[in-house]
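Beneath this line is the structure, given in structure tokens, with notes to follow.
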Amino acid sequence: MFSGINRVCLVTVLTMFGSMAVAAIPEGEAFFETEIRPVLATRCVSCHGPGKAGGGIRLDSREALAGLVPNDGLVGTISGRSTAPASCVLEPRLVDAFRRWVDLGLPWPERATVTTSEDRAAAARRHWAFLSVREPEVPSGARHPVDAFIREHLARDGIAFSQEADRRTLLRRLSFTLTGLPPDSVIGGGSTLNKDSGTPIAGDDWAAVVDQVLASPHYGEHWARHWLDVARYSDTKGYVYAREEKNWPHAWAYRDWIVSALNEDLPYDRFLVLQLAADQVEDREPGDEAAMGFLTVGRRFLGVKHDIIDDRIDVVSRGMLGLSVGCARCHDHKYDPIPAADYYALHGVFDSSIEALVTFGKGGDEAFWKAHEERLKAYEELLAKSRSEASARVRERLADYLKAQSELDKYPADGFDQIFQKTDLLPAFVHAWRDYLRDAGERKDPVFLHWHAYLDAPGSYGSVQVVGAHPRMAAAFAAPPKDFGEVIARYAAVLRDPGEDPVLRAVLQGPGSPCEVPEGGVVNVETFFDTETINALWKLQNAIHQEILKASPPVPAALTLADRVHPVEPRILLRGNPLNLGDRVPRRFLGVLSGEGKAPFQDGSGRLELAKAIADPGNPLTARVIVNRVWAHHFGAGLVTTPSDFGTRADPPSHPELLDWLAAWFVKEGWSLKKLHRLILTSETWRQSSLGPVDSAERAAAIAADPGNLLLWRMNPHRLAYEEFRDAMMAATGDLDLTLGGKPVEALKPPYSRRRALYGRIDRQFVAGELRVFDFANPDLHIPKRNETTVPQQALFFLNHPFVLDRSRALAAAAKEGGRADAERVRFFFRKALQREPSQEEVSESLALVSALALPIAPKASPTATDWSYGLGAFDEAAQRVAGFTPLPHFTGTAWQGGPQWPDAKLGWVQLTATGGHPGNDRNHAAVRRWTAPRAMTVAIRSKLVHEPAAGDGIRGFVVSSRVGLLGSAKLHANFAELKVDAIAVEAGETLDFLVDIGEGLNSDQFLWEIRLGELAPDDGEKPSLAWEAKHDFPADTSTPLDPWEQLAQALLCSNEFLFVD
Amino acid sequence: MITRRSLLQRSSLGLGSLALDGLLGEEGLLAAGNPLAARGSHFPGRAKRVIHFFLNGGPSHVDTFDPKPALAKYAGKPLANTLTTERKTGAAFPSPFRFDRHGESGIEVSELFAKTARHIDDIAVIRSMQAQVPNHEPSLMLMNCGDSVQARPSFGAWTLYGLGTENENLPGFIAMCPGGMPIKDHENWQSAFLPGAYQGTYIDSKHEELGKLIENIDHPHVTSSDQRRQLDLLAKWNARHREVRLDERLDARIHSYELAFRMQAEASDAFDLSKEPASIRELYGNTVHGRQTLIARRLLERGVRYVQLWHGAGQPWDNHNDIEKNHRKLASEIDGPIAALLADLKQRGLFEDTLVLWGGEFGRTPTVELSGAGKPQMGRDHNHYGFSVWMAGGGIKGGTIHGATDEFGFRAEKDPVSVHDLHATMLHLLGLDHERLTYRYAGRDFRLTDVHGKVLREIVA
């Protein structure tokens, strides 16, 4: 029934599209991988392989198979046209596949081998990434070790090296790769380095420039973002039930910790250890607990424990070790030597750790901390009370819980959410009892000997003999029971009255008792409570988190893990199904990395030991993985192309010796990331031009020999990621706010925050279109490498998004300052956007565009628009009039409301749009659309008021004349009403108000109101009749047209030169 | 099978206003490396595009497409085999709606979908669907993405990955939901580890103005002719920049501006219902759902690969209470538009290669829901053990019933169909082999159907 839980990894295959496949595998080889190899592996090599060459035939290499092809040998045999045993005959579908494979010319990938699973495991242990890091000798021929390795390989293939890029390019490249910002913001536009773009920079000077940029605090910000991709960072939890606060209270403090750790060049080994086990690192600095956000900023998975743990195992194994251990959740890894036992060994580590929220540092005021203590106390008290009541209920209903053990299929696992009353049996306790009874059976617990004896009794109970039972049980079972129901009843009777017997009491109370709610907060143990209790607990828990989120000055918090008092002894969950328990495994590190005699973890959950094993200098993966990540960010591609998969299916490194040399050097130099950057960035390899060798023959040869530039005969250009180009657009006008750290800001709505994009709030549930379309890292998943797509939606963003328009206007406005001449304005644009002077040609092209573009025409407002105003007020029941009309202060372009944020802190939800709006939070803040008569006349009113949501209790609508009072009203809930007046006379300046307020409470009160007013034909027939329509008279989007200079500025921001760094 | 060419030929006969000429592959815009470029299927597909009516909240199968007379017989009596669901339920609760036989196939459909039922001979009803848990969130994920819990790409995203789009001037996968989003929001049409270009584009179909329908499509700040001049200069600069450089990504981006420029016009056209004749607008009805369905047809005929039409924000079909009133109202909102769409697709020759899917994330219990105090609510609880969906069009054998629930409609009994089976079948109809449509992520080759899924040959024509 729970087939979805069996997330079995896929064995076979490849994608059908060469271009989409991870490693562009040729079609023939893909065919081999999908159709042929699995058959050879499962049907052939057990008899015809290295272990046993049945009939002297081996089928584990291309040569061996090729020898069988002639004279219909191979196909003939498998289709049954030979004397071979029946087991050699395959189904027609497979025979067809082999026939096709033969026709394709026996494609066989170079690295392919077909082996049995034991061979595979043994071979996997010899996989390069699992072998210790060597320290290869640096080849001669270049001063810089990086260049030595790169040049040696190029020379071997006869490929020329490119010359050094020019100074402007290098500075732009350096600034972006280290800080994600254009050089003006980091090095300073006035720096002499920015001059003389033609002259190269001497080596020593260059090293000094690298150091200068590395010292910028914006380095930590930019590289933090790379790490946050790894850490699947989000400021929110993803989908949660309405009862739970959706924002993480601790996320931003984790982000800030990463920034400062990188800026301080915290040794990478310690960087990792703190993120896994800061709670247990004794010499930690204050605030280091925040580092554990690495484990705890993941999705909430609706509280399902096994999924939360799976997410943590994944982020640790792929993020830190470049290994996908997650595959082993359901069975042994198909390719890498990761058995399910290893997965559950780590599962036990995380299952033995429970979340704890810690606040630290300054922030909040006295009132906050006082109330905070009270909130904590209220929550703790309710939790304690709920715990004891819950376990008391289990003890009261022992017989029922024991009876439930015979119908376990009625009690589904977590993730099958049911609504429970206090009187219901809770599946969590049923399962706790199941586990307890099973363990009791395994350890021959004297209390439960009879239970298991009768459970397992093959026939009549008369023959059951139990020796060594607990005396109370022996007494209770002096006479054999007649059926298992009676066994349950006797157990329930004895346990109902345990007396002072400590053994019996331990079954009912205290740690390890299946009647107790386990350790942890509501998030860990909610399944042990009825629905009403869960909701009450969440309410208090949320209050704590919400007040921290709101506190000013901001309160940094850390969501840490703390070890359980009694660590969990993990069991393998067969096929990942928590209802399907397998063998016990000790908590310990991965076998492939710790050798055969791996010792179990000794200390608590073992989390600190895990962290140390990962950060061990002898770990073959950790240093290689981070060195490769750093390399990949500097060069656009890693030495290993799959930065989070160093397993056996990954492509081998392009430069294995260089990778090892870098990894060894990195560890020897104290795991210093800044030293590593400096080493790479001072190499000639990194400073090469991206244009390739100047000599066209050399360039053509290089392109022919290595079109993908895997050997680095030139620099790979870099396309700015979303964060980089947003910051660059802000920086072009000097508007970028370079403040470090703090709570997330709203980056995507006007008025646009001037903070760096890093500080934009990331809501994993609503990743904004802007981010998605630019391949932002999906915060639900560990992202080793962002996709890089080019789609028209990106171009639409550059052409039409208000942010780009805002930046174009700002750039044009800055250029206008100081009365620059036209050509000088063009030069200003180029300097600010591209960090260079325009050519004469570019200047004249720009000026030509400016003069060709028409001057913008202001949008035409409807002539009747001025007769409306938009405000708030109240319906005065006594006077039957609108009272206290006040215009709404803020217009967004599509709505009038209290301020730029909606709801507004002071005026709340009140809002009016062209077609409707939303009333304010109480009846004194009704939304009022006011029409004022321009002259005396008689009008008819036609209107339709609609309230759509089923939630809440609806709204009230009123049509009110300033002179005669109420003309019509309606109370609506998920319904509509036509409010109309056939004729009403008005004097000039009199008003008609269309007012909406809330029903009894504020909830889902948005409304639509179509309103039309028509002047009834005047008696004199001279003046033309007027008509009003609320929707058309509403102010149009005020997006004022761009003037020609602004359009020119936009063109520059849209250019490839702006978006790509050479 | 209708080819694109024949589609265009039909359009030139005045059936609709396809503005596709010159905007497809011929222009090279479906260039290699473009993730949305149209691609060949594994084998010739029967359907080219999908429209999915998602009745979010969970429509009751025993009140729509799975008649259960036994419920009337046992009305008010407790059923022996009551299964565990999210809440407690009580006695057998007969459908308050009348069922009638329709068409030559004589399949029984309730009065709620009487208009849709006129097309029953073109519909295959699967009466034996099963999900995994009785909760909305995981079941929505399962139905849309093939996995209850983990972040996995949605069906639409997989389809775009597999087939690309036939019109790059429009998003290839569009999810419309009037008045807000269903629960789980964007997760329902996520691309997860697939490139972001495959994610569904959400449109709040409550709106009628284009600018609110598609992000960044409106350009009130500049006239088209000025924008053209601006783009001409940009193209010149970009071409000059490109000359000396060795990077094909530059070409793709140059091209994307031209596409975007045309997309502005094309999208305006697709969403402009005033271009439809009055008779067609009347056929669908001038309601939110009528307009949404008509827009969907305009998108499909323009080459959009997958359109998902949600009933409304939240979970409207989740009728724990008073199912008679609530289901009647909801069905009345979509029965007409669905029937109109089926008729309209047929008259345009689009029916045979458009796959229509109707259903929710699960069904509802045949027993009446009880309040905490045990009082019947005259509604039904969630039921994942058995429910109905139906498909029509592209390659579907009409007038078919597949599978059956038990006597009362609690559990799929005959030929149970998993959501993976449904997905495998839909991919099959699109010409994609669910076992070969894979994507490498985290060291594994992922499939929409994971290791499950079986094509339901019985309902394939």
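So the protein sequences, as listed, match chains S and G.
Here the first sequence stands for residues 12 to 1073, numbered as in the working numbering.
Here the second sequence stands for residues -17 to 443, numbered as in the working numbering.
Cβ atoms here follow ideal geometry from the backbone N, Cα and C, with glycine treated the same way.
{"query": "Other residues of its chain near Lys257 (chain S): CB distance less than 6 Å, five sequence neighbours each side excluded", "result": "Thr247, Lys248 and Val251"}
{"query": "Chain S contact for Thr269 (chain G) (CB, 8 Å cutoff)", "result": "no"}
{"query": "Where Pro898 (chain S) falls: helix, strand or coil (DSSP)", "result": "strand"}
{"query": "C-alpha distance - Thr926 (chain S) paired with Leu265 (chain G), whole-angstrom precision", "result": "26 Å"}
{"query": "Any chain S beta carbon closer than 8 Å to Phe392 (chain G)", "result": "no"}
{"query": "Residue span of the beta strand (DSSP E) that contains Glu1021 (chain S), given as start and end", "result": "Phe1018 to Glu1026"}
{"query": "Cβ shell of Ala894 (chain S) (< 7 Å), same chain only, five flanking positions each side left out", "result": "Gly884, Ala885 and Asp887"}
{"query": "Proximity to Glu40 (chain S) [Cα-Cα], best of S:Pro118, S:Gly91 and S:Pro581", "result": "S:Pro118"}
{"query": "First and last residue of the uninterrupted beta strand (DSSP E) at Leu570 (chain S)", "result": "Ala568 to Asp574"}
{"query": "Cut-off 6 Å between Cβ atoms - residues of its own chain near Val149 (chain S), not counting five sequence neighbours on either side", "result": "Pro156 and Ala159"}
{"query": "Span separating the alpha-carbon of Gln520 (chain S) from that of Glu530 (chain S)", "result": "13 Å"}
{"query": "Proximity below 8 Å, CB of Asp574 (chain S) to CB of Gly606 (chain S)", "result": "no"}
{"query": "Chain G residues whose Cβ lies nearer than 7 Å to that of Val308 (chain S)", "result": "The contacting residues do not exist; Val308 (chain S) stays about 15 Å from chain G at best."}
{"query": "Closer than 8 Å to chain G by CB, Ile430 (chain S)", "result": "yes"}
{"query": "Beta-carbon neighbours of Lys396 (chain G), restricted to chain S and to distances below 8 Å", "result": "Simply none; closest approach about 17 Å."}
{"query": "Amino acids of chain S, ordered along the chain, whose beta-carbon sits closer than 7 Å to that of Leu215 (chain G)", "result": "Glu856, Leu860 and Ala1062"}
{"query": "Simplified DSSP state of Gln552 (chain S), which is helix, strand or coil", "result": "helix"}
{"query": "Extent of the continuous beta strand (DSSP E) run through Arg595 (chain S)", "result": "Leu592 to Arg595"}
{"query": "Exposed unless 16 or more other CB atoms sit within 10 angstroms - verdict on Asp326 (chain G)", "result": "buried"}
{"query": "Per DSSP, cross-strand counterpart(s) of Ile105 (chain G)", "result": "G:Ala374"}
{"query": "Every unbroken beta strand (DSSP E) inside the stretch 96 to 167 of chain G [3 residues or more]", "result": "105 to 112 and 155 to 158"}
{"query": "Where Lys257 (chain G) falls, given that 16 or more other Cβ within 10 Å makes a residue buried", "result": "exposed"}
{"query": "Alpha-carbon to alpha-carbon, Ala166 (chain S) and Leu5 (chain G)", "result": "Confidence at Leu5 (chain G) is low in this model, with a pLDDT of 27, below 50, so the placement of that residue should be treated as unreliable; the coordinate-derived value is given next. Answer to the nearest angstrom: the Cα atoms are 47 Å apart."}
{"query": "Below-8 Å beta-carbon distance, Thr652 (chain S) vs any chain G residue", "result": "no"}
{"query": "Neighbour-count burial assignment, Ser1036 (chain S), 16 or more Cβ in a 10 Å radius", "result": "exposed"}
{"query": "Cβ-Cβ separation, Ile378 (chain G) to Ile441 (chain G) (assumed contact under 8 Å), whole Å", "result": "6 Å"}
{"query": "The stretch 419 to 430 of chain G / the stretch 161 to 176 of chain G touching (three or more Cβ pairs under 8 Å)", "result": "yes"}
{"query": "Buried versus exposed, by CB contacts within 10 Å (16 or more), Gln291 (chain S)", "result": "buried"}
{"query": "Residue range of the alpha helix (DSSP H) that includes Asn986 (chain S)", "result": "It is not in any alpha helix (DSSP H) - Asn986 (chain S) instead sits in the beta strand (DSSP E) that spans Asn986 to Val997."}
{"query": "Residues that Asp167 (chain G) contacts on chain S, provided the C-beta gap is smaller than 9 Å", "result": "Tyr250, Gln776 and Phe777"}
{"query": "Those residues which DSSP pairs with Gly928 (chain S) across a bridge", "result": "S:Leu923 and S:Phe1018"}
{"query": "Cβ distance (whole Å) where Asp104 (chain G) is taken to contact Ala374 (chain G) below 8 Å", "result": "5 Å"}
{"query": "Straight-line Cα distance separating Phe1069 (chain S) from Ala217 (chain G)", "result": "13 Å"}
{"query": "Residue span of the alpha helix (DSSP H) that contains Glu757 (chain S), given as start and end", "result": "Unbroken run through Glu757 (chain S): none, as it is neither H nor E."}
{"query": "Local Cβ density within 10 Å of Ala171 (chain S), reported as buried at 16 or more and exposed below that", "result": "buried"}
{"query": "As assigned by DSSP and simplified to three states, the class of Leu6 (chain G)", "result": "Note that Leu6 (chain G) scores a pLDDT of 28, beneath 50, so its modelled location is shaky; the value from the coordinates is reported in the next line. In this structure, Leu6 (chain G) counts as coil in the three-state DSSP scheme."}
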